[in-house]
Structure formats: C-alpha cells, structure tokens
Amino acid sequence: MQSILKSLLIVFSSLFLVAAAQPKPEPAPEKLTAEIGEPAPAFTLESQNGKTHTLSDYEGKIVILEWFNDSCPYCMKAWGFGVIPKLLEDLEDTKTEVVYIAINSTANRSEKDILKSGTKFLAEFDADIPMLMDYDGEVGHLYDAKTTPHLFVIDTEGVLVYQGALSDDKRFKKGKDAETHVLRAVNQIISGEKVVPSYVKPWGCAVKYSNGTKDNGINRGRNPGPLL
Amino acid sequence: MSLALISFLLIFLTNPPPPTQIHSGQAAVEVRTDIGWVGPGQAFNLLVLLTPEEGWRVYWKDSGASGAPIEIEVNTPEGFKVGKPIFPRPSLFKSKEGTTYGYDKQCAIFIPVMSPKIIQTDEVVFEVNTHWLACKKICVIGEQEQVVKIKTNKTTQGPLHRDMRLKRWKNLLPKELSELSKATQLVSNNKIEITGTTSETTISFIGVEQRGVRFLGTNQLRLEKDQFVLTIPIELDYAAASAGSFTIEGLLLLGGNEYDPCYVVQVVAKPDTTKK
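Protein sequences, first through last, are from chains A and B.
Quick note on my numbering: the first sequence kicks off at 164 and runs consecutively.
Quick note on my numbering: the second sequence kicks off at 21 and runs consecutively.
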C-alpha cells in the first residue's frame with residue numbers, strides 16, 4: 164500500500180512539474196468593448212429632460228454619439244465655430260434618419276452643475292439633441308471614449324462603423340467648412356460603401372471621468388478652491 | 021474707525037472679489053535661435069521654449085490617450101526652408117484612462133532652418149505661431165505668435181550662441197536609432213520589432229498615430245543579458261493610406277526619466293511586408 168501511494172505521489176509530482184514547465188501562453192491583447200465592425204454596446208441613460216434613452220430605441224437609424232463636455236475648449240470651438248451646428252444641418256440634408264446624441268461623462272464638478280451647464284450650452288445653440296448624463300462614466304468606459312469630442316457612428320444594423328476625431332481640422336482654421344469624418348462616414352453608409360477610415364485618432368480634452376467615489380472628491384475637506 | 025472704513029470692510033468681507041480667470045493658455049512661450057547671425061547656406065535652429073504653469077501639462081507631437089499636440093507654424097523669409105519640429109523626449113503621464121505624453125516643465129522644441137545661398141537683406145524675420153492644449157483638472161487652448169529677427173551677413177556664416185542651456189536642450193532631443201548599439205527595426209505581421217543592446221531594463225515605445233496606423237498598446241519586452249527585443253503590436257488599415265504605404269514613426273525610450281536617451285524609430289510598412 165505504501166509503495167502504491169509512493170508511486171502515485173511520484174506520478175502526480177511529475178505531472179505537476181510538466182505542467183509548470185509548459186510555456187505560459189502570451190496574454191491576448193486587451194479587447195476593447197466597443198469595436199469597429201461589431202455591434203455597438205447597448206446602453207440606457209437619462210437625458211437633460213429626464214427622458215430615458217436606450218440605444219435599441221434607434222434601431223434601423225444611423226446613430227451618432229458625441230462625447231461632450233461644455234467646459235472643454237475643443238467642444239466649445241467645435242460648437243462655437245459652427246462645425247457641429249453645420250454638421251447637424253448637413254445630416255438633416257441627407258434625408259436619412261440620423262440620430263445625434265451628446266453623451267456627457269464629465270465628473271469633475273457636481274452632477275447637478277454639469278447637467279445645468281451642459282443644458283444651457285446646448286440651448287444657446289438651439290440644439291435640439293439629447294444630452295445623456297453618464298456621470299459614473301460607465302458608458303464612456305464601455306465605448307472607451309478618450310476625448311471630448313470623441314465621435315462614434317453606428318450604422319442602421321447597430322454596428323459601430325466609425326470612431327475617432329470629429330475632423331482633421333483640430334485648430335478650426337476652416338471653421339464650419341471643415342469636412343467632418345462623421346458626415347463622411349454617414350454618406351458612406353448611405354451609399355453602401357465601406358466606412359474608411361473607420362478610425363482616426365481623436366483629439367481634444369481628456370474625458371473627465373469619475374474617480375470612482377460617490378462625490379468624486381468634490382467639496383471634500385476645506386475649501387477646494389475654484390475651478391479655473 | 022470711520023463709517024466709510026467700516027462700510028468698506030463690510031462690503032469686502034461679505035463680497036470677496038471673484039477669482040481671477042487666466043486664459044493665457046497656462047503656458048509661456050519664448051522663441052529664439054541658436055546662432056548669432058545667419059549667413060548664406062547656413063543650417064541653424066529656431067527654438068520654441070514652452071513652459072507650462074505649475075501643475076499644468078502640454079503635449080508631445082502625439083498626445084497619447086487624450087489631449088492634443090503642440091503645433092508650430094513658421095512663416096519664413098523668402099528662400100529660407102524649415103524642417104519638421106523636433107520634440108524633446110516627453111514624460112509619460114499614466115492614469116487609469118490611459119497614458120498621455122507631454123511636458124510639465126519647460127520643453128525646447130527645435131525647428132531646423134536652412135538659409136538660401138544668396139541673402140540680400142540685412143535682417144530676416146520669422147513669424148512663429150505656437151498652438152497648444154494645456155491640461156490640469158480642466159484644459160485650455162493656448163496660442164501665441166512671436167516674431168524673431170536675425171541679423172544677416174552676406175558672406176560669412178554666423179557662430180552658435182555660447183549658451184550652456186543650448187547643449188542641455190540638445191541633449192534632450194531624440195537620437196538616431198543607428199546610434200544605439202546593434203539596433204534593428206522591422207515591421208512584420210502587424211507588429212514592429214525593435215532590437216538593440218543596452219544596460220537599461222526600462223524600455224518602452226511611444227508611437228505617432230496617423231490615419232490608418234494604430235498602436236494597440238500591449239508592447240512586449242524580452243530581455244536577455246544586455247540584449248532586448250521590443251514587440252509593438254500595430255493595426256494597419258491600408259485602405260486609409262494615401263500613398264499605399266505607411267512611414268510609421270515613434271520613439272524608443274530607454275530608462276524612465278526625461279534625461280534618459282531616446283531614439284527615433286521610423287519604418288516603412290507596405291502591404292506585402294505585413295501579411296500574416
């Protein structure tokens with residue numbers, strides 16, 4: 164009996180050593196949650212008017228998501244120089260059902276303040292678009308939104324076909340006449356072409372995501388000082 | 021105490037003045053040259069010194085996960101030619117949202133200039149426009165236009181300025197990869213492989229993204245004694261390439277601080293060399 168146990172111990176030890184000696188597989192590259200050519204991740208968020216918006220509400224339509232922060236100078240310029248207002252007009256001219264949504268994942272101020280200033284900002288441009296509040300950044304992280312602005316275009320099948328920069332004119336030299344990648348992607352979808360390029364490195368302010376705490380460090384301790 | 025003083029104190033204490041809002045782009049710019057005067061056929065540099073305010077950062081020519089790069093435009097006098105700006109080694113700012121590349125201290129960006137063989141004026145004027153994004157808790161855009169006047173000599177080339185800082189700034193610029201012992205660079209199977217010899221164990225790469233070129237950010241480093249192999253996975257979309265091929269650019273960083281050496285990586289990727 165003792166010799167059987169001894170043999171078993173040797174066999175198991177050998178198996179363990181063989182397993183340990185096997186080369187470890189190389190870790191696979193980290194998979195992005197929102198990927199070009201894959202169905203766009205589903206989400207449900209509330210707009211500035213308290214209305215609930217779910218991505219599936221827009222099935223069969225082209226959906227554009229703009230990561231937005233009204234205090235980011237790039238968003239201010241994109242709107243203020245007329246690039247996005249002109250884009251909204253051009254999208255209407257395509258005579259196709261296109262839904263334009265601003266998503267606000269900003270969390271460097273109180274949620275109430277962000278909702279208020281974002282709403283005011285869009286109202287100043289008479290922009291009749293939903294601004295979805297993503298204060299905890301869950302949807303932003305799901306899409307891996309890096310900058311404001313960062314644009315995503317979803318085709319009528321619900322597939323993500325473009326993500327990245329608004330245009331190549333990051334200094335707004337062409338003003339509202341800048342050609343946007345968004346309009347180009349939408350026109351490519353409409354004409355049945357492949358959306359190329361499907362990715363252009365986005366530029367802009369970093370998305371000011373939540374730091375994971377309930378109050379995001381706002382008003383903690385003594386007077387934190389004003390935000391410049 | 022007079023009634024006026026009491027009133028003033030009451031008003032002041034109950035209504036403190038609003039905080040001053042600074043919209044200068046949170047950085048200072050200075051433009052200079054590295055020569056005393058310019059002569060015919062002379063190569064020299066314009067230097068853009070960008071100094072972010074404390075706590076603020078500005079970005080390298082590829083800002084990384086977010087941000088926007090420093091951009092410089094130069095209006096040159098007739099016959100003068102300018103090259104691409106050369107950025108010093110940036111710092112890597114890591115956060116859970118990704119890594120950005122930039123500077124939180126003064127950076128000296130060199131712009132190579134070549135003068136024509138014949139100079140007809142006594143002075144030449146360069147207009148340098150610098151545009152940047154500075155970020156702290158929030159981001160602001162900065163822009164400044166500066167004029168640099170340089171005296172000319174129609175027959176003799178000008179001497180380099182005797183400024184110790186010039187040497188220090190030059191030392192922070194990237195070197196050619198050929199200056200690194202046993203260095204090679206290769207593009208294959210949607211990855212770049214860089215090899216070389218160094219005693220450093222912290223070795224990394226930062227790439228300049230362009231349309232159709234994407235760095236996947238999961239670089240792998242193999243070290244064997246003083247030899248290293250750095251593998252950088254990339255995604256190439258040849259449909260987006262204007263010339264059918266890409267010149268992929270980046271920096272190989274040895275060591276972990278801004279004074280450590282860095283090398284320019286530049287490889288051409290063509291469709292047939294990257295097929296799996």
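Backbone N, C-alpha and C fix where the C-beta goes; we use that ideal spot for every residue, glycine too.
If you're wondering where the values come from, they're calculated on a predicted model, not measured in any experiment.
| request: Using a cut-off of 8 Å between C-beta atoms, extract the partners of B:ALA259 located in chain A. | output: As a position in the second sequence, residue 259 of chain B is number 239, starting the count at 1. Simply LYS357, VAL359 and PRO360.
| Run of the beta strand (DSSP E) containing B:LYS211, from where it starts to where it stops | For the purposes of this step, residue 211 of chain B is taken as residue 191 along the second sequence, with counting starting at 1. Note, B:LYS211: beta strand (DSSP E), 211-217.
| Buried or exposed by the 16-neighbour rule on C-beta atoms within 10 Å, applied to B:LEU271 | Position 251 of the second sequence, counting from 1, holds the residue named residue 271 of chain B. Buried, because 16 or more other Cβ atoms sit within 10 Å of the Cβ of B:LEU271.
| request: Please name the residue, chosen from A:PHE284, A:GLU287, A:TYR263 and A:ALA270, that lies closest to A:TYR298 on a Cα-to-Cα basis. | output: Residue 298 of chain A sits at position 135 when you count from the first residue of the first sequence. Per the Cα distances, A:ALA270.
| field | Near-chain A residues of the stretch 157-168 of chain B (beta-carbon distance less than 8 Å), N- to C-terminal order | value | LYS157, ILE158, CYS159, VAL160 and ILE161
| query | Does DSSP put A:LEU195 in a helix, a strand or coil? | reply | Start at 1 with the first residue of the first sequence, and residue 195 of chain A comes out as number 32. Note that A:LEU195 has pLDDT 47, beneath the 50 cutoff, so the model's placement of it is unreliable and the number below is only indicative. Coil.
| task | Mind checking which residues open and close the beta strand (DSSP E) that includes B:LEU112? | result | In the second sequence, the residue the question calls residue 112 of chain B occupies position 92. Looking at the DSSP string, the run of the beta strand (DSSP E) that includes B:LEU112 is 111-115.
| query | What residue does the alpha helix (DSSP H) around A:PRO236 start on, and which one ends it? | reply | Here residue 236 of chain A refers to the residue found at position 73 when the first sequence is read from its first residue. 236-243 is the extent of the alpha helix (DSSP H) around A:PRO236.
| Should A:GLU198 be counted as a contact of the ligand FAD given a C-beta to heavy atom distance under 7 Å? | Absence of the ligand FAD is noted for the structure shown, with no ligands found whatsoever.
| query | In three-state DSSP terms, what is A:PRO366? | reply | Position 203 of the first sequence, counted from the start, is the residue given in the question as residue 366 of chain A. At residue 366 of chain A the sequence reads Trp, which differs from the Pro that was named. Coil, per DSSP.
| message | Within 8 Å of any Cβ in chain B, is that where the Cβ of A:GLY281 sits? | response | Residue numbering aside, residue 281 of chain A sits at position 118 when the first sequence is read from its first letter. It does not: the Cβ of A:GLY281 has no partner Cβ on chain B nearer than 8 Å.
| query | If you pair each beta-carbon of the stretch 334-342 of chain A with each one of the stretch 306-316 of chain A, do three or more pairs fall below 8 Å? | reply | no
| query | For B:GLU220 versus B:LEU180, is the C-beta distance shorter than 8 Å? | reply | As a position in the second sequence, residue 220 of chain B is number 200, starting the count at 1. As a position in the second sequence, residue 180 of chain B is number 160, starting the count at 1. Cβ atoms of B:GLU220 and B:LEU180: not closer than 8 Å.
| field | Given A:CYS238 as reference, the closest of A:VAL262, A:LYS258, A:ASN267 and A:THR259 once Cα atoms are compared | value | Translated into positions along the first sequence, residue 238 of chain A becomes position 75. Out of A:VAL262, A:LYS258, A:ASN267 and A:THR259, A:ASN267 has the C-alpha closest to the C-alpha of A:CYS238.
| For B:GLY99, which residues of its own chain have a beta-carbon under 8 Å away from its beta-carbon, when the five flanking residues on both sides are left out? | As a first step, residue 99 of chain B must be located in the second sequence, where it is residue number 79. Excluding sequence neighbours, B:GLY99 sits near SER135, PRO136, ILE138 and ILE139.
| Residues near B:GLN240 by beta carbon distance below 7 Å, same chain, minus five either side | As a working note, residue 240 of chain B is residue 220 in the second sequence. Result list for B:GLN240: THR251, in chain order.
| request: For A:GLY338, name the three-state secondary structure that DSSP assigns. | output: Walking along the first sequence from the start, residue 338 of chain A turns up at place 175. DSSP, read as helix, strand or coil, puts A:GLY338 in helix.
| query | Closer than 8 Å, CB to CB, is B:ALA85 near chain A or not? | reply | Within the second sequence, the letter at position 65 stands for residue 85 of chain B. True, the Cβ-Cβ gap to chain A drops below 8 Å.
| Whole-angstrom distance between A:VAL316 and A:LEU228, CA atom to CA atom | For the purposes of this step, residue 228 of chain A is identified with residue 65 of the first sequence, where counting begins at 1. For the purposes of this step, residue 316 of chain A is identified with residue 153 of the first sequence, where counting begins at 1. Straight-line Cα distance between these residues: approximately 7 Å.
| Within 8 Å, strictly: CB atoms of B:GLY232 and B:TYR258 | Taking the first residue of the second sequence as position 1, residue 232 of chain B is located at position 212. Taking the first residue of the second sequence as position 1, residue 258 of chain B is located at position 238. Yes, the pair counts as a contact, with Cβ atoms nearer than the cut-off.
| Within chain A, partners of B:CYS155 - CB distance below 9 Å | Stepping through the second sequence from its first residue, residue 155 of chain B is reached at position 135. Within 9 Å Cβ-Cβ: CYS368 and ALA369.
| query | Cβ of A:GLN185 less than 8 Å from any chain B Cβ? | reply | Here residue 185 of chain A is taken as the residue at index 22 of the first sequence, counted from 1. Because A:GLN185 carries a pLDDT of 44, less than 50, the predicted location of this residue cannot be relied on, and no value is offered for it.
| field | Spatial distance of B:PHE113 from A:LYS339 (CA atoms) | value | Sequence index remark: in the second sequence, residue 113 of chain B carries index 93 (1-based). Sequence index remark: in the first sequence, residue 339 of chain A carries index 176 (1-based). Approximately 33 Å, taken between the alpha carbons.
| What residues in the stretch 304-338 of chain A bring their beta carbon closer than 8 Å to a beta carbon of chain B? | LYS309, THR310, LYS333 and ARG334
| message | Between the stretch 194-206 of chain B and the stretch 72-90 of chain B, can you find at least three pairs of beta-carbon atoms closer than 8 Å? | response | no
| field | A:ALA205 classed as buried or exposed, judged by whether at least 16 other C-beta atoms fall within 10 angstroms | value | Residue numbering aside, residue 205 of chain A sits at position 42 when the first sequence is read from its first letter. A:ALA205 is exposed by the Cβ-count criterion.
| query | How many angstroms separate the CA atom of A:GLU260 from the CA atom of B:ASN65? | reply | Along the first sequence, read from residue 1 onward, the residue named residue 260 of chain A stands at position 97. Along the second sequence, read from residue 1 onward, the residue named residue 65 of chain B stands at position 45. Rounded to the nearest angstrom, the two C-alpha atoms are 54 Å apart.
| request: Can you have a look at A:VAL330 and say buried or exposed, based on whether 16 or more other CB atoms are within 10 angstroms of its CB? | output: The residue you call residue 330 of chain A lines up with position 167 of the first sequence. A quick correction: the sequence has Ser, not Val, at residue 330 of chain A. Classification of A:SER330: buried, given that the 10 Å Cβ count is 16 or more.
| field | Proximity test, Cβ basis, 8 Å: A:SER234 and chain B | value | Your numbering for residue 234 of chain A matches position 71 in the first sequence. It does: the Cβ of A:SER234 has a partner Cβ on chain B nearer than 8 Å.
| said: Does chain B have any CB closer than 8 Å to the CB of A:ASN146? | reply: The displayed coordinates of chain A run from 164 to 391. Any statement about residue 146 of chain A would go beyond what the structure contains.
| request: Can you grab the Cα-Cα spacing for the pair B:PHE235 / B:SER224, in whole Å? | output: On the second sequence, residue 235 of chain B is found 215 positions in, with the first residue counted as 1. On the second sequence, residue 224 of chain B is found 204 positions in, with the first residue counted as 1. Cα to Cα, B:PHE235 sits roughly 13 Å from B:SER224.
| Expressed to the nearest angstrom, what Euclidean distance is found between the alpha-carbon atoms of B:PRO97 and B:ALA47? | For the purposes of this step, residue 97 of chain B is taken as the residue at position 77 of the second sequence. For the purposes of this step, residue 47 of chain B is taken as the residue at position 27 of the second sequence. Taking the straight line joining both Cα atoms gives about 27 Å.
| With 16 other Cβ atoms within 10 Å as the buried cut-off, status of A:GLY355 | The residue labelled residue 355 of chain A in the question sits at position 192 within the first sequence. With fewer than 16 other Cβ atoms within 10 Å, it is exposed.
| Under three-state DSSP, which class holds B:ASN65? | One-based indexing of the second sequence puts residue 65 of chain B at position 45. Three-state result, B:ASN65: strand.
| Own chain partners of B:GLU93 with C-beta closer than 6 Å, once the 5 adjacent residues on each side are dropped | Your numbering for residue 93 of chain B matches position 73 in the second sequence. Within the same chain, B:GLU93 has close Cβ partners ASN149.
| Under 7 Å by beta carbon: chain B residues contacting A:LYS214 | Within the first sequence, numbered from 1, the residue matching residue 214 of chain A stands at position 51. Residues of chain B passing the Cβ test: none, with the nearest at roughly 29 Å.
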